[in-house]
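S.K.: Pasting in a structure now, in structure tokens, and then I'll have a few things to ask.
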């Protein structure tokens, strides 16, 4: 569990999304727009990390919030920073997905660690009530199909363009993230979208994260290639 | 109209999709799977080219088939190779899209020449009967966001990886296709999918063209990056 690695966890703690919460996440201004009404709802967060999205659900009127995560350190941070929801040490593959329990399932930047997306989508569909909503954010296929998930740089060391290779070869990709070797799963766009549709979801929104006008000057390279895919589906 | 340019038209005529028709098109084995039942149906083909898809509709029982195209040369070729449907010299932006006229609208590799996709999707939605189907194939955003739409090559001159740049800057891209300067329109994935949903379509399928097992050895680089996006939406 890379998120329990000391070095990784220490570096993760320094990211703006960790120190500032949702406001420090470049994609939040879009992801928030996809969130369903939380008032009176039961909300499950798959891979809750620091618990920011669980806290958001609670703040917006959710009456039952469960965050699961496979990292003990993350859950300890969640209890501290976003107390209130129920947190449980459990991986996405281990959760039992009881039938028709949740009004909303949220998953932020976790599904690119999951090898069998179709299976997870089926289980999420099962655990949602009829009319329930799944909102997730996953690393974009253009990003996970990157060559060592890194730029081609110009002579001054600035990002020049983003190389894509072996797009149709799905499965594990070794990358370096926060100074650690991290294995992610590359899925094609077709696998993501058709996995969702075949599980029985209706696609309601598909967006590609791009920084807000205020954040763009701080990360101009984010104009060059899409890094995240934001999706809302309804049962 | 580049398709009426002598050089371009001459080169286009040599492509396997021109000499062999649908069987010579690398994406047909997937596109055919998205085609709706044509029996007794009224079918509109936007940018019909040589008329292969119009011919297919007629062969599969369509009772009314109209192919429109902005190129005179293409329509002359269509009349010769796929006689039977009605062909009309008309661009996609000029067609009047009469309300609830068609059971199916097909468009193959044309929409990446259209600047305002949202507008065309609205018009297509209007001209479809309730329950009608739109099937289209458009150059993939990864492809149109390519740097000069070309590979980075290795020392032996073989395609190594596909560079992506300025992904979020939509609009015209100058490319070289069949020896001619051709202007295409780059749209993000979000623009394509949300354009469709906002026009009122339900997304039924989204696929990325990859060569069949027989064709792959002839075009191994097609494993490296996605070139086309195939979509089916229903009114």
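Chains as they are written, first to last, in my numbering: chain A, 1 to 235; chain B, 236 to 470.
For every residue, glycine included, the Cβ atom is placed at its ideal position computed from N, Cα and C.
Keep in mind it's a predicted model, so treat the numbers as computed, not measured.
(1) Measuring straight from C-alpha to C-alpha, what distance separates residue 9(A) and residue 358(B)?
(2) Give the secondary structure of residue 422(B) by DSSP, where H, G and I count as helix, E and B as strand, and everything else as coil.
(3) May I ask which residues mark the beginning and end of the beta strand (DSSP E) holding residue 373(B)?
(4) Just reading off the beta strand (DSSP E) that residue 69(A) is part of, what are its end residues?
(5) Counting only runs of 4+ residues fully inside the segment 54-110 of chain A, write out the alpha helix (DSSP H) ranges in chain order.
(6) Please identify the residue among 209(A), 103(A), 216(A) whose C-alpha is closest to the C-alpha of residue 41(A).
(7) Look up residue 45(A) in the DSSP assignment and give the residues it is bridged to.
(8) For the alpha helix (DSSP H) containing residue 203(A), list its first residue and its last residue.
(9) Just how far apart, CA to CA, sit residue 71(A) and residue 208(A)?
(10) Looking at C-alpha atoms only, which residue of 241(B), 380(B), 283(B), 365(B) is the closest neighbour of residue 252(B)?
(11) Applying the criterion that 16 or more other CB atoms from any shown protein chain within 10 Å of the CB defines a buried residue, is residue 212(A) buried or exposed?
(12) I think residue 66(A) touches residue 88(A), with their Cβ atoms under 8 angstroms apart; what is that distance to the nearest whole Å?
(13) Output the distance between the C-alpha atoms of residue 255(B) and residue 318(B), rounded to the nearest integer angstrom.
(14) Residues in its own chain within less than 6 angstroms of residue 246(A) by CB, not counting five upstream and five downstream?
(15) Give the range of the beta strand (DSSP E) segment to which residue 458(B) is assigned.
(16) Beta-carbon of residue 147(A) versus every beta-carbon of chain B: anything under 8 angstroms?
(17) Just how far apart, CA to CA, sit residue 351(B) and residue 272(B)?
(18) CB-CB under 8 angstroms to residue 376(B), same chain, minus the five flanking residues each way: which ones, in chain order?
(19) Going by DSSP in three states, residue 377(B) sits in which element: helix, strand or coil?
(20) Apart from the five residues just before and just after residue 79(A), which ones in its own chain have a Cβ nearer than 8 angstroms to its Cβ?
(21) Between which two residues does the beta strand (DSSP E) carrying residue 393(B) extend?
(22) Just to confirm, are residue 419(B) and residue 347(B) a CB contact at a threshold of 8 angstroms?
(23) With contact counted as at least three CB pairs below 8 angstroms, one residue from each stretch, are the segment 391-411 of chain B and the segment 140-160 of chain A in contact?
(24) With a Cβ-Cβ cutoff of 8 angstroms, do residue 128(A) and residue 147(A) count as a contact?
(25) Could you have a look at residue 230(A) and say whether DSSP puts it in helix, strand or coil?
(26) Just to confirm, are residue 34(A) and residue 56(A) a CB contact at a threshold of 8 angstroms?
(27) Leaving out five residues before and five after residue 143(A) in sequence, what residues of the same chain have Cβ atoms less than 6 angstroms from its Cβ?
(28) Does residue 176(A) come within less than 8 angstroms of chain B when only Cβ atoms are used?
(29) Do residue 356(B) and residue 430(B) have their C-beta atoms within less than 8 angstroms of each other?
(30) Rounded to the nearest angstrom, how far is the Cβ of residue 467(B) from that of residue 349(B), given a contact under 8 angstroms?
(31) Using the Cα positions of residue 304(B) and residue 329(B), report the straight-line distance between them to the nearest angstrom.
(32) Please classify residue 30(A): does DSSP put it in a helix, a strand, or coil?
(33) Check the Cβ-Cβ distances between residue 320(A) and every residue of chain B, and say whether any is below 8 angstroms.
(34) Listing by chain order, which chain B residues have their CB less than 9 angstroms from the CB of residue 203(A)?
(35) For residue 62(A) versus residue 43(A), is the C-beta distance shorter than 8 angstroms?
(36) What residues are listed by DSSP as bridge partners for residue 174(A)?
M.R.: In this structure, then:
(1) Indexing the first chain from 1 puts residue 9(A) at position 9. Indexing the second chain from 1 puts residue 358(B) at position 123. So the alpha carbons of these two residues sit roughly 51 angstroms apart.
(2) Position 187 of the second chain, counted from the start, is the residue given in the question as residue 422(B). Note: residue 422(B) maps to coil in three-state DSSP.
(3) On the second chain, position 138 is the one that residue 373(B) refers to. First-last of the beta strand (DSSP E) with residue 373(B): 363-374.
(4) One-based indexing of the first chain puts residue 69(A) at position 69. Where residue 69(A) is concerned, the enclosing beta strand (DSSP E) stretches over 64-69.
(5) 72-81
(6) For this step, residue 41(A) is matched to residue 41 along the first chain. Comparing Cα-Cα distances from residue 41(A) to each of 209(A), 103(A), 216(A), the minimum goes to 103(A).
(7) Numbered from 1 along the first chain, position 45 holds the residue referred to as residue 45(A). DSSP, once it has assigned bridges, lists 67(A), 106(A) as partnering residue 45(A).
(8) Indexing the first chain from 1 puts residue 203(A) at position 203. Note, residue 203(A): premise wrong, no alpha helix (DSSP H); beta strand (DSSP E) at 202-208.
(9) Residue numbering aside, residue 71(A) sits at position 71 when the first chain is read from its first letter. Residue numbering aside, residue 208(A) sits at position 208 when the first chain is read from its first letter. Approximately 27 angstroms between the Cα atoms of the pair.
(10) As a position in the second chain, residue 252(B) is number 17, starting the count at 1. Comparing Cα positions, the closest option is 283(B).
(11) On the first chain, residue 212(A) is found 212 positions in, with the first residue counted as 1. Counting Cβ neighbours within 10 Å, residue 212(A) comes out exposed, since fewer than 16 surround it.
(12) As a first step, residue 66(A) must be located in the first chain, where it is residue number 66. As a first step, residue 88(A) must be located in the first chain, where it is residue number 88. Between residue 88(A) and residue 66(A) the Cβ distance is about 6 angstroms, and since that is below 8 angstroms, they are a contact.
(13) The residue you call residue 255(B) lines up with position 20 of the second chain. The residue you call residue 318(B) lines up with position 83 of the second chain. One C-alpha to the other measures close to 16 angstroms.
(14) Because chain A in this structure spans residues 1 to 235, residue 246(A) falls outside the shown range and cannot be described.
(15) Taking the first residue of the second chain as position 1, residue 458(B) is located at position 223. Per DSSP, residue 458(B) belongs to no beta strand (DSSP E) and is neither H nor E.
(16) Here residue 147(A) refers to the residue found at position 147 when the first chain is read from its first residue. With 8 angstroms as the cut-off, residue 147(A) counts as an interface residue toward chain B.
(17) Here the question's residue 351(B) lines up with position 116 in the second chain. Here the question's residue 272(B) lines up with position 37 in the second chain. The alpha-carbon atoms of residue 351(B) and residue 272(B) are separated by roughly 29 angstroms.
(18) To locate residue 376(B), count along the second chain from 1; it is residue 141. So the qualifying residues of the chain are 402, 421, 422, 423, 424, 427, 464.
(19) For the purposes of this step, residue 377(B) is identified with residue 142 of the second chain, where counting begins at 1. Residue 377(B) falls in the helix class under three-state DSSP.
(20) If you number the first chain from 1, residue 79(A) lands on position 79. Here the set comprises 51, 87.
(21) Mapped onto the second chain, residue 393(B) falls at position 158. First-last for residue 393(B): undefined, no H or E at that position.
(22) In the second chain, counting from the first residue as 1, residue 419(B) sits at position 184. In the second chain, counting from the first residue as 1, residue 347(B) sits at position 112. Closer than 8 angstroms, so yes.
(23) yes
(24) Your numbering for residue 128(A) matches position 128 in the first chain. Your numbering for residue 147(A) matches position 147 in the first chain. The answer is no: Cβ separation not under 8 angstroms.
(25) As a working note, residue 230(A) is residue 230 in the first chain. If DSSP states are grouped into helix, strand and coil, residue 230(A) belongs with the strands.
(26) Stepping through the first chain from its first residue, residue 34(A) is reached at position 34. Stepping through the first chain from its first residue, residue 56(A) is reached at position 56. Pairing residue 34(A) with residue 56(A) gives a Cβ-Cβ distance that is not under 8 angstroms.
(27) Within the first chain, the letter at position 143 stands for residue 143(A). In chain order, 227 place their CB closer than 6 angstroms to the CB of residue 143(A), counting only its own chain and leaving out the 5 sequence neighbours on each side.
(28) For this step, residue 176(A) is matched to residue 176 along the first chain. False, the Cβ-Cβ gap to chain B never drops below 8 angstroms.
(29) Along the second chain, one-based indexing puts residue 356(B) at 121. Along the second chain, one-based indexing puts residue 430(B) at 195. It is a contact, given that the beta carbons lie within the stated cut-off.
(30) Here the question's residue 467(B) lines up with position 232 in the second chain. Here the question's residue 349(B) lines up with position 114 in the second chain. At roughly 18 angstroms, the Cβ-Cβ gap does not stay under 8 angstroms, so residue 467(B) and residue 349(B) are not in contact.
(31) Counted from its first residue, the second chain places residue 304(B) at position 69. Counted from its first residue, the second chain places residue 329(B) at position 94. If I take the Cα positions, the gap works out to 10 angstroms.
(32) Along the first chain, one-based indexing puts residue 30(A) at 30. Residue state, collapsed to three classes: helix.
(33) This structure cannot speak to residue 320(A), because chain A is shown only from 1 to 235.
(34) In the first chain, residue 203(A) corresponds to position 203, counting from 1. Residues of chain B passing the Cβ test: 428, 432, 437, 438, 441.
(35) To locate residue 62(A), count along the first chain from 1; it is residue 62. To locate residue 43(A), count along the first chain from 1; it is residue 43. Result yes, Cβ atoms of residue 62(A) and residue 43(A) sit closer than 8 angstroms.
(36) Counted from its first residue, the first chain places residue 174(A) at position 174. For residue 174(A), which the question treats as bridged, DSSP gives the partners 183(A).
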